[in-house]
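In what follows, a single structure is set out as structure tokens and then discussed.
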């Protein structure tokens, strides 16, 4: 069990020569997710040789342009490439209207199944749930309705402890599934053998939390607790603390504080304002409060394994 | 008098690593025009060091994505750059609804005057007319409502022939403007001195015709007659003639034929389909019917002078 995150863009506001607006590509247990889709994302996908057809689910955090202006182009390109597999779009209410209006006016209806899942809840909810992965929203505090997303591997079945099981002839092969599911074994005489005596813990399930854009808010801490990787926006440095407050963004130090309070394994910074020439200062500032920090950079791949 | 055209993108369908979708930047008599605006156009503008603030007028030929998916991003970026000068958008009916819906849902109203000029006419019309330049629509035949655009310098005043004027003491300085405007001079005795005796022809006004996307149609010939530079789409080569017919595009040979029938000074090809590895074949094919042909390429600048 492992997941791989590829940064396609990690700057705020507008695309510039060397600064791509937000988009990330996540592979987790054979599911491939696109997270946000700034203008030019389809070019970045090509640049990093990511197969378009693998993307089945697109998550849009909010409707500011640097997070979704590339979506209509990607949807159209999928059609030109004769896609026939379904595509699911998760994003704030209104996203369906924007996309359908553009398809209507260009007389370019897509020929693959396109499903919209519009989000309106202010509490965390499960928006995708298959046999291997669950995706939860992380309600964020920004200038408009915004969600982060928590991608969680499903827990695997418990592992059988065969040397222990062999001590109990009453336990049959047909009981194994119940043991893997965590159930205790009840003997014919009514006595109970505890599950933990018969199985090992499964490999711990991994998780990735994506939080962009948001002001500093500890309300997300319970949701992202112990996460293996946390991407938390850091648009500003502390010297522009007031600007962060005003625009409802975070500083690198605030991102570090959230990471520490959430006891995550690693913090990834991004969504940098263009006013800073060097990104090194973001790293230094977050390091003041939290050690395992990395900078997002276009093209960077981060693989998380157990 | 001269004009300069910069190609920002000239490929059809979808942006790829080395293929930018359609956009052009035209400087004519201090007016700066953006013509079409595929996804990624703002990055191309930066790459070729074109000042965003110089663009006052944007012309959108039609609402297929490869010609306008970059517009909302550009409009938003203008706002982030604190633009305060007005911006005029000319394009098919519906363009205003698309842009305003996206601004509304992102709660990002622009703070500069944004004017929409929606086009519905099926006949050529004048859509911009200032003291130096006129812009006419060129109705095209495509799968959806589409216009090309004809950019025409205004004729300059006639030049005074002072050595001739000096022979007529009756002509005073206050008569010069009438002579420049082409009027004959009426003497006190009622006799007439013809204007052509007193003035020279002014420098010939230049013109640029932009025609993308369209099937082969001779209906445009009277509109673009004698144009100094004609951009005519050539999505296909003749070997895919049937595909051009079906998708309402043109071949390079058809573009050459239109150029010949219109007696333009130079033809510029573009809007190439991605199926062709070499663009040289487009040049060769157009050459069969028309000699002065150039290929559009991203970054190419074409200056037309008298």
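Protein chains in written order, with our numbering: chain A, -9 to 296; chain B, -9 to 296. For every residue, glycine included, the Cβ atom is placed at its ideal position computed from N, Cα and C. All values derive from a computational prediction rather than experimental measurement.
With 16 other Cβ atoms within 10 Å as the buried cut-off, status of residue 301(A): There is simply no residue 301(A) to check, as chain A begins at -9 and stops at 296 in what is shown.
Spatial neighbours of residue 145(A) in its chain, beta-carbon cut-off 8 Å, leaving aside the 5 residues before and after: In chain order, 192, 195 place their CB closer than 8 Å to the CB of residue 145(A), counting only its own chain and leaving out the 5 sequence neighbours on each side.
Using the C-alpha atoms, what's the distance from residue 283(A) back to residue 258(A)? As the crow flies, the alpha-carbon of residue 258(A) is around 6 Å from that of residue 283(A).
Residues of its chain near residue 185(A), where Cβ-Cβ distance is below 8 Å and the 5 sequence neighbours each way are ignored: If we look at residue 185(A) and ignore the five residues flanking it on each side, its Cβ neighbours are 148, 169, 172, 173, 174, 175.
Assign residue 131(A) to one of three DSSP states: helix, strand, or coil. If DSSP states are grouped into helix, strand and coil, residue 131(A) belongs with coil.
Grouping DSSP H, G and I as helix and E and B as strand, with all else coil, what is residue 294(B)? When DSSP states are grouped into helix, strand and coil, residue 294(B) belongs to the strand group.
With 8 Å as the threshold, decide whether the Cβ of residue 138(A) is near any Cβ in chain D. The structure shown has no chain D; the protein chains it does contain are A and B.
My guess is that residue 60(A) and residue 28(A) are in contact by the Cβ rule of under 8 Å, so how many angstroms apart are they, rounded? With a Cβ gap of about 5 Å, residue 60(A) and residue 28(A) count as contacting.
Between which two residues does the alpha helix (DSSP H) holding residue 152(A) run? Unbroken alpha helix (DSSP H) run through residue 152(A): 152 to 155.
For the alpha helix (DSSP H) that residue 234(B) lies in, which residues bound it at each end? That run of the alpha helix (DSSP H) goes 231 to 237.
Using the rule of at least 16 other Cβ atoms within 10 Å of the residue's Cβ for burial, across every protein chain shown, is residue 190(B) buried or exposed? Classification of residue 190(B): exposed, given that the 10 Å Cβ count is below 16.
Kindly provide the ranges of any alpha helix (DSSP H) runs that are 4 or more residues long and lie completely inside the stretch 236 to 276 of chain B, ordered along the chain. DSSP runs (the alpha helix (DSSP H)) wholly in the stretch 236 to 276 of chain B: 242 to 252.
Alpha helix (DSSP H) runs contained entirely in the stretch 73 to 114 of chain A, provided each spans 4 or more residues: The qualifying runs are 85 to 95.
Taking the Cβ atom as the reference point for each residue, do residue 197(A) and residue 142(A) lie within a distance shorter than 8 Å? Using a Cβ distance threshold of 8 Å, residue 197(A) and residue 142(A) count as a contacting pair.
Counted within 10 angstroms of its Cβ, other Cβ atoms place residue 177(A) as buried (16 or more) or exposed: Counting C-beta atoms within 10 angstroms of its own C-beta, residue 177(A) has fewer than 16 neighbours from the protein chains shown and is therefore classed as exposed.
Suppose the cutoff is 7 Å on Cβ atoms and the five residues either side in sequence are ignored; what does the same chain contact list for residue 136(B) look like? Shown here for residue 136(B): same chain residues with a beta carbon closer than 7 Å to its own, the five before and five after excluded, namely 51, 52, 130, 203, 204 in chain order.
With DSSP collapsed to three states, give me the class of residue 148(A). Residue 148(A): coil per DSSP, three-state reduction.
Can we count residue 115(A) as close to the ligand FAD, meaning its CB is less than 7 Å from some heavy atom? The ligand content of the structure shown is nil, which means the ligand FAD is not present either.
Span separating the alpha-carbon of residue 200(A) from that of residue 220(A): When rounded, the distance between both Cα atoms is 6 Å.
Among the residues of its own chain, which have a CB less than 8 Å from the CB of residue 246(B), if the five just before and after it don't count? So the qualifying residues of the chain are 257, 275, 276, 277, 278, 279, 280, 283.
Can we say the stretch 155 to 164 of chain A touches the stretch 229 to 246 of chain A, given the rule of at least three CB pairs closer than 8 Å? Result no; under three Cβ-Cβ pairs closer than 8 Å.
Pairwise C-alpha distance: residue 6(A) and residue 290(B): Each residue's Cα considered, the two are about 20 Å apart.
Consider the Cβ of residue 13(B): report whether some Cβ of chain A lies at a distance smaller than 8 Å. With 8 Å as the cut-off, residue 13(B) does not count as an interface residue toward chain A.
Is residue 37(B) close to chain A, meaning its C-beta is less than 8 Å from at least one C-beta of that chain? In terms of beta-carbon proximity, residue 37(B) lines the interface with chain A, with at least one pair separated by less than 8 Å.
Residue 166(B) and residue 183(B): beta carbons closer than 8 Å? No, the Cβ-Cβ distance between residue 166(B) and residue 183(B) is not below 8 Å.
Could you spell out where the alpha helix (DSSP H) holding residue 173(A) opens and where it closes? For residue 173(A), there is no enclosing alpha helix (DSSP H), as DSSP marks it with neither H nor E.
If you follow the beta strand (DSSP E) that residue 283(A) is part of, which residue opens it and which one closes it? According to the DSSP assignment, residue 283(A) belongs to the beta strand (DSSP E) that extends over 283 to 285.
Judging by CA-CA distance, which residue of 207(B), 75(B), 3(B) is the nearest neighbour of residue 100(B)? The residue with the shortest Cα to Cα distance from residue 100(B) is 75(B).
Applying a beta-carbon distance threshold of less than 8 Å, which residues of chain A neighbour residue 62(B)? Those are 55, 59, listed as they occur along chain A.
Can you name, in chain order, every residue of its own chain whose Cβ lies under 7 Å from the Cβ of residue 64(B), other than the five neighbours on each side? Its chain contains 27, 31, 32 as the residues whose beta carbon lies nearer than 7 Å to that of residue 64(B), once the 5 sequence neighbours on both sides are disregarded; these appear in chain order.
Whole angstroms are fine: how far does the CA of residue 94(B) sit from the CA of residue 250(B)? The straight-line gap from Cα to Cα measures roughly 47 Å.
Please state whether the Cβ-Cβ distance between residue 102(B) and residue 69(B) is less than 8 Å. In contact: residue 102(B) and residue 69(B) (Cβ atoms closer than 8 Å).
Terminal residues of the continuous alpha helix (DSSP H) containing residue 186(B)? It spans 185 to 188 - the alpha helix (DSSP H) in which residue 186(B) sits, taken as one unbroken run.
Excluding five sequence neighbours on each side, which residues of the same chain lie with their C-beta closer than 6 Å to the C-beta of residue 188(A)? The residues are 151, 154, 155, 169.
Can you tell me whether residue 223(A) is helix, strand or coil according to DSSP? Here residue 223(A) sits in strand by DSSP.
Looking only at DSSP bridge pairs, what is residue 200(B) linked to? Beta bridge pairing from DSSP links residue 200(B) with 139(B), 221(B).
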